[in-house]
C-alpha cells in the first residue's frame, strides 16, 4: 500500500469510476500506459474500457458482480479493472501461478461472474470449468489458436468492437474490489475494499504533493491539473505484480493523478530491461519487492558500470517497497547512484495501513531497519492502551488509515481484525511490535507461521499437506529460512514412509509444484527420522528451523 494515506474525514461524493473518469479527462492528452513501443493514451483507455464494460454486461456482469483477473502486468489488466468499475462490479485479483485446485477455489469462493485470463493459463482453466458450480464468462487475452478455449471471448474484439450503450451503474456504485490475500489456513481470504477505502488510497497521490483531498469529480479534475502545472505528474514503473496490493494500489493512484504507467515486456525480472525502461521513458517512480528485486537491480547497475555503460537514473525520484525485507546494504547501493532518489519502505497489509514508514534520501540516512510509526497508527497492549516507548513492551500494530469493510464470508474474523478503539475503527491484523526510546518502530512479525518469500505469502500447512500425499513422505514441517535475496525461502523437514532416501529432492519439489503454485514449493528438503512435534502433536517449527541450520553447510550460513 502507498505511503501518505489518511482516513477520509468526510464521505466522498463520487464513485471510483467517476473519480477515475475525471482524472482521465483531465489527462486526456497524456499517455496512460507504455510497454516497449506500445502506448495507450487516456482517451483510448477510456474508450476501450467502455467497450469492454459493454461486453461484460452482455455476458451477465452487473453491479456487485465479481470479475476475476488472472493476468500479468499489462494494459489489459488496467482496462479490465476500469471496465469493472464502470459497471459497479468488483475486480478480484487472481494469482497467475495458481494451479487448478487453487483456481477452482477462488472462482467459487468469490462467486466470479467473469474471468479475464492470459491464454498461457488456458490449460489450467480448461481443467477447472467442468467442476464449477456456476458458469463463468470467459475473456481470453492473447492469440494462440491451439491453446485458446472455444467458449472464451477474445479480449481484443471485446475492447474494440463492442457497441455503445454501457450501463452507468458504476457512476453511483459503493463497490470497490475484493483483494485476495493469504490466510492462516492456506486458502486465500477475500478482503472487501469499498469505494471509500479505495479512494482514501488512490487520492493519496495528491496528499503526497500537499494538495487537498478531492471529494468530487470536479475537484479531481482540479487536482490533476495542479499536478500538471507544477510538473509533478508521475511516470511509474510498477515492478510488483498488479495482482498484489502494493502493485495494484500504486498503479491506480498513478492513474488517479493523471500519470503514466510503464510496464516491462518480460514476465519475470529482467534487471537490464528495468533500467532501460527507466532511461527510455524518464521514469520518476518505481515499485519493487524489497531485496528480491533490489539485489538483481543493483547487480545490473554494477555490471553496466564495469562495462563503462552506466545507466542514466537522473529522472528517478522515488522507489517504494512494502511488507518485505529491503536491506540497508541494497538501499545504500541504490542511493549511491540516484542523485535525488528517495527510498520509501512501507509497512502495510491487505487489511489496511500504513503502520510504519522508513523514508531515506541519502546513504547517511540508512539506519538499522527501524521505522517511524505512521501518523494514523498505534502500538497497543492487551488492554488497547498505547505501549510505552523504550520499555521493551510488546504490542500489536493498529492503523486507522483507509480500511476494507472486512473479510468475505467471515464476519467473526472481521470482528476480530477491525476493532473500534476510543471511538475510532482500527485495522489490527496481528503484527507484533515495540517502540524504542525515540519512539521508532521495531517490527517483530507474527511469530513462526507465514513464510514471506519475495513478497509472496506461503502457508506451511498447505505445503505440508501437499508433501505428505507423496507415498515416500510420512510427515513434514515447512518453515521459512532467511535468505539475502528473497527474504525467506521455503524449506521442508520431512520424515520417511518407506524408502524416502531413494526419492530425489527434485521429485518431492515437483510433487508440490504439481499441486500448488511454484513459489510455494520447497527450495530445500531436509530428511530426518522423526519430524519434531510438541506433545500435543503440533508442529515444533523452532526445532525444525534448528534442524535446517544443523544441516546447512557453514559457508551457506556465513
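Numbering (UniProt numbering), first residue to last: 1 to 558. Just so you know, even glycine gets a beta-carbon here, dropped at the ideal spot from N, CA and C.
Take every Cβ of the segment 424 to 441, pair it with every Cβ of the segment 367 to 384, and state whether three or more of those distances are shorter than 8 Å. Between the segment 424 to 441 and the segment 367 to 384 there are three or more inter-stretch CB-CB distances shorter than 8 Å, so the stretches are counted as touching.
Neighbourhood of residue 40 by C-beta, 6 Å cutoff - its chain only, sequence neighbours within 5 removed: 32, 33 and 75
My parser needs the alpha helix (DSSP H) runs of 4 or more residues fully inside the segment 479 to 546; what are they? 505 to 513
Specify the secondary structure class of residue 184 as computed by DSSP and reduced to three states. Any reading at residue 184 must be qualified, since the residue scores a pLDDT of 41, below 50, and its modelled position is unreliable; no value is offered.
Helix or strand or just coil, what does DSSP make of residue 456? Of the three classes helix, strand and coil, the one that applies to residue 456 here is strand, per DSSP.
Touching or not, the segment 113 to 124 and the segment 204 to 224, by the rule of three or more beta carbon pairs under 8 Å? no
Could you name the residues that DSSP lists as bridge partners for residue 286? Beta-bridge pairing links residue 286 to 237 and 319.
Extent of the continuous alpha helix (DSSP H) to which residue 128 belongs: 122 to 128
Let me know if residue 172 comes out buried or exposed under the rule of 16 or more other beta-carbons within 10 Å of its beta-carbon. exposed
Indicate whether the contact test is met: 3 or more Cβ pairs, each with one atom in the segment 366 to 376 and one in the segment 149 to 164, closer than 8 Å. no
Spatial neighbours of residue 357 within its chain, please: C-beta separation below 8 Å, excluding the five flanking residues on both sides. Cβ neighbours of residue 357 beyond the five flanking positions: 3, 344, 345, 346, 347, 371, 372 and 374.
Can you tell me the Cα-Cα spacing of residue 506 and residue 466, whole angstroms? 15 Å
From residue 526 to residue 325, what distance separates their C-alpha atoms? If I take the Cα positions, the gap works out to 25 Å.
When DSSP labels each residue in this structure, what does residue 190 get in the three-state scheme? strand
Run through the segment 354 to 422 for me and flag every whole alpha helix (DSSP H) of 4 or more residues, listed as ranges in chain order. 411 to 417
Going along the chain, which residues of its own chain have a beta-carbon closer than 6 Å to the beta-carbon of residue 360, five neighbours each way excluded? 343 and 366
Could you give the first and the last residue of the continuous alpha helix (DSSP H) run that contains residue 150? Neither: residue 150 is in no alpha helix (DSSP H) and is coded neither H nor E.
State the start and end residues of the unbroken beta strand (DSSP E) segment that holds residue 141. 137 to 141
Is the Cβ-Cβ distance between residue 489 and residue 545 less than 8 Å? no
With distances taken from CA atoms, which of 232, 329, 257 and 307 is nearest residue 316? 232
Around the C-beta of residue 403, are 16 or more other C-beta atoms found within 10 angstroms, so that it is buried, or is it exposed? buried
Backbone CA spacing between residue 44 and residue 159 [nearest angstrom]: C-alpha separation (whole angstroms): 10 Å.
Do the segment 429 to 438 and the segment 208 to 226 meet, that is, are 3 or more Cβ pairs less than 8 Å apart? no
Should the segment 322 to 336 be called in touch with the segment 280 to 293, which here means at least 3 C-beta pairs below 8 Å? yes
Work out the CA separation of residue 86 and residue 53 for me, nearest whole Å. 7 Å
Which class does residue 216 belong to by DSSP, given the choice of helix, strand or coil? coil
Express the C-alpha separation of residue 453 and residue 308 in angstroms, rounding to a whole number. 34 Å
Residue 230: buried (16+ other C-beta within 10 angstroms of its C-beta) or exposed? exposed
Strictly under 8 Å for the Cβ-Cβ distance: is residue 328 near chain C by that measure? Annotation note: the requested chain C is absent from the structure, which comprises a single protein chain.
What are the boundary residues of the beta strand (DSSP E) that includes residue 249? Element bounds for residue 249: not the beta strand (DSSP E) but the alpha helix (DSSP H), 245 to 256.
Cutting at 7 Å between CB atoms, please list the residues of its own chain near residue 406, excluding the five before and the five after it. 192, 414 and 418
Do residue 236 and residue 285 count as a contact pair if the criterion is CB distance below 8 Å? yes
Nearest CA to the CA of residue 261: which residue from 268, 271 and 248? 248
Whole-Å CB distance - residue 379 paired with residue 336, under 8 Å assumed: Contact flag wrong, Cβ pair sits at about 33 Å.
Go through its chain and collect everything with a Cβ distance to residue 185's Cβ below 6 Å, but skip five positions before and after it. In this prediction, residue 185 has a pLDDT of 49, which is less than 50 and means its spatial position is unreliable; what the coordinates show is noted afterwards. Closer than 6 Å at the Cβ level, and outside the excluded window around residue 185, lies no residue.
Report all residues from its chain with a CB closer than 7 Å to the CB of residue 552; omit the five preceding and five following residues, and keep chain order. none
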